[in-house]
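Residue 117 in the numbering used here sits at position 115 of the sequence shown, and the numbers go up by one each step.
Here a beta-carbon is modelled for each residue, glycine too, at the ideal position from N, C-alpha and C.
No experiment lies behind these values; they were computed from the predicted model shown.
Heads up, the thing below is written out as structure tokens.
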Amino acid sequence: MAQQAKYWFPAALSLLLVGWGANQYVALLVHYRQDHGFSEVLVTSLLGIYVLGLVPALLLGGRASDLRGRKRLTMIAVLISIAASLALMLSHLGPLPLFAGRLLAGTATGLGMAAATSWVKELSQAPWDPNSTAGSGARRASLLTSTGFCLGPVAGGMLVAWAPMPDVLPYATHILLCLPVLILLRKLPETRQRQLPQATAPGTQTRPVPGGAAQQRGGKRFWAVIAPAAPWVFAAATMGFVVIPEMVPAMGGAARHTYTTVAVALTMGCGVLIQPLGRRVDTVNSARTLLLGVAVVLGGMLAIIGAILLNSPALGLGASVLLGCGNGLLMVGGLLELQRAAGPDELGLLTGFFYTFAYAGFLAPTVIALVAQWVSSLWIMGAAVLLCLLSLAVVAVNSRKHLPRALERIDSGAALAAPENA
């Protein structure tokens, strides 16, 4: 490529497209319920089943990218995302292709988030981008990931509502967008050389991992601050565009499709638009962005309770806005905290851990749908509020603990002063 500073962008596009593929299914939830006759539990289970593919891919992919490089795993992730869309096209055959497609989508997302997030971070620094500022990699990865999560369901929702072949066209669009990006990825440099296993003396440990006896400061910061906030990244998002359309007053037909699409657009769109504020709030001295994010999610869940009590679809959409803002703040705040704390040899691994915890929140609609068979929506949301309060308390207590030693090297304010580098 002509300019080194542009190497990061195609790598970040892979995050956008993997995120698009992961979330595009959301736009078809109402379609599968109303036009295919699938049950509520089945549809929400399909939403969360991809966590079974995602978690192993995140954990194994993060470590593999540290050892073997980022580029190959990122390209594999995009290819698997294409395979997932091909499987999801076959919904006319029943739910089994949907289960397979969602499982593949989870695997693609796990590999992509673990490898490509680290790749974008490394392509956003010298020698590949010598003019970038501290925090550029986290900012770029977070923005493109959130944009993909937004565009996938919004584009899919419009195609389902107003275009022919609703079972096929949304997924075909995703595939057509992936193909040229694969060509671009082949031209990018690898930032991580293959690491050969090294012999160690008896009784020594080659490298500490989160939770291990020889925990590094980055791992301690992860468990104390990042992990307690991470599940709310996607718990907030899925409550904004899945739970709210189910809990607000019943609508049918085109109205339900439209309301769901608007809820998705508000949730994920606000998740993208709020991220510049998240970077301005961020500080190296505390977990301020994470604290703000969890607090905003708490406000969104209280708004859901208000929408249920007042029977108000409009207040439900207001809750989607708050939950989307919480999602964006937690995404960018978590990645900034992580990339400050993690060393180069543990960046991929800790990134995998971060997204594993974040995607645990994607199971929220499935859990809610199951519990709602016996417990009212108000009690469920009340329990969620208590859990969110607990997370907020843990992050607040640990906010200034286990900070990176070389804080003087990190200047988030400088990153904000040069938005043209993004």
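Could you give the DSSP three-state label for Q277: helix, strand or coil?
Helix, per DSSP.
Determine whether the beta carbon atoms of L31 and T260 lie at a separation below 8 Å.
Going by C-beta atoms, L31 is not nearer than 8 Å to T260.
With a CB to CB cut of under 6 Å and the five nearest residues on each side skipped, what residues in its chain are close to M115?
These residues qualify, in order along the chain: Y357.
Could you give the first and the last residue of the continuous alpha helix (DSSP H) run that contains R65?
Segment 53-70, the alpha helix (DSSP H) holding R65.
Could you say which of K403, P230, P278 lies nearest to C390 if we only look at CA atoms?
Measuring from the Cα of C390, the nearest candidate turns out to be P230.
In whole angstroms, give me the CA-to-CA distance for T149 and S126.
In a straight line, the C-alpha of T149 is about 19 Å away from that of S126.
Are the Cβ atoms of A14 and A143 separated by less than 8 Å?
Yes, the pair counts as a contact, with Cβ atoms nearer than the cut-off.
Classify K73 as helix, strand or coil using the three-state DSSP reduction.
DSSP places K73 in helix when its eight states are reduced to three.
In this structure, how does DSSP classify A29 when only helix, strand and coil are distinguished?
Three-state DSSP puts A29 in a helix.
Between the Cα of V20 and the Cα atoms of W10, L44, L184, R342, which residue gives the shortest distance?
Selected option, being the one with the closest Cα: L184.
Work out the CA separation of P155 and P247 for me, nearest whole Å.
Cα to Cα, the separation comes out at about 14 Å.
What residues in its chain sit with their C-beta under 8 Å from that of V53, if we drop five residues either side in the sequence?
Contacts found: G108, Y361, A362, F364, L365.
Do you know whose CA, among I310, L300, I307, lies nearest G326's CA?
Residue L300 is the option with its Cα nearest to G326.
According to DSSP, is A232 helix, strand or coil?
It is coil, neither helix nor strand.
For A309 and V387, what's the separation of their Cα atoms in angstroms?
Each residue's alpha carbon lies about 15 Å from the other.
Could you tell me the boundaries of the alpha helix (DSSP H) in which G114 lies?
Element bounds for G114: 97-125.
With respect to the alpha helix (DSSP H) encompassing A305, which residues constitute its N-terminal and C-terminal limits?
Where A305 is concerned, the enclosing alpha helix (DSSP H) stretches over 290-312.
Out of G159, A238, G50, state which residue places its alpha-carbon closest to the alpha-carbon of G328.
Here the closest residue by C-alpha is A238.
Check whether the region 331-350 touches the region 32-50, counting contact only when three or more Cβ pairs, one atom from each stretch, lie closer than 8 Å.
Verdict: no, contact absent.
Is there at least one non-hydrogen atom of the ligand NAP closer than 7 Å to the beta-carbon of I78?
Looking for the ligand NAP in the displayed structure turns up nothing, as the structure carries no ligands at all.
For the alpha helix (DSSP H) containing M241, list its first residue and its last residue.
Counting along the chain, M241 falls outside any alpha helix (DSSP H), and DSSP gives it neither H nor E.
Whose C-alpha, out of G280, L81, S288, is nearest the C-alpha of L405?
For the residues G280, L81, S288, the minimum Cα distance to L405 belongs to S288.
Tell whether a beta-carbon distance below 8 Å holds between G295 and L324.
In this structure, L324 does not lie closer than 8 Å to G295 by Cβ.
With V286 as the anchor, note down where its alpha helix (DSSP H) starts and where it stops.
Counting along the chain, V286 falls outside any alpha helix (DSSP H), and DSSP gives it neither H nor E.
Just to confirm before moving on: does the CB-CB distance between A110 and A86 stay below 8 Å?
Yes, Cβ-Cβ distance for A110 and A86 is below 8 Å.
Which same chain residues end up closer than 8 Å to A201 when comparing Cβ atoms and leaving out the 5 residues on each side of it in sequence?
Residue confidence for A201 is low, a pLDDT of 45 falling below 50, so the modelled location carries little weight; the figure read from the coordinates is stated next. Excluding residues within five positions, none has a Cβ falling inside 8 Å.
For the alpha helix (DSSP H) that contains Q341, what are its first and last residues?
From DSSP, the alpha helix (DSSP H) with Q341 extends over 315-343.
Quick one: using the 10 Å Cβ neighbour count with 16 as the cut-off for buried, is M249 buried or exposed?
Burial call: buried.
Note the first and the last residue of the continuous alpha helix (DSSP H) segment covering T175.
171-188 is the span of the alpha helix (DSSP H), which, as asked, contains T175.
Find the nearest neighbour of R223 within the set V57, I82, M333, G345, judged by alpha-carbon distance.
The shortest Cα separation from R223 among V57, I82, M333, G345 belongs to G345.
Give me, in chain order, the residues of the same chain whose beta-carbon lies closer than 6 Å to that of G103; leave out the 5 immediate sequence neighbours on both sides.
Here the set comprises A86, A89, L90.
Name the residue from A24, A398, T76, M77 whose alpha carbon lies nearest to the alpha carbon of I51.
Of A24, A398, T76, M77, the residue nearest in Cα terms is A24.
Express the C-alpha separation of L319 and V266 in angstroms, rounding to a whole number.
One C-alpha to the other measures close to 10 Å.
Hey, T119 and L17: beta-carbon distance below 8 Å or not?
A contact, by the Cβ cut-off of 8 Å.
Less than 6 Å between C-beta atoms, sequence neighbours within five positions excluded: which residues of the same chain meet that for Y34?
Closer than 6 Å at Cβ, skipping near neighbours: F40, V45.
Verify whether the separation of the beta carbon atoms of E42 and A257 is less than 8 Å.
No. Outside cutoff.
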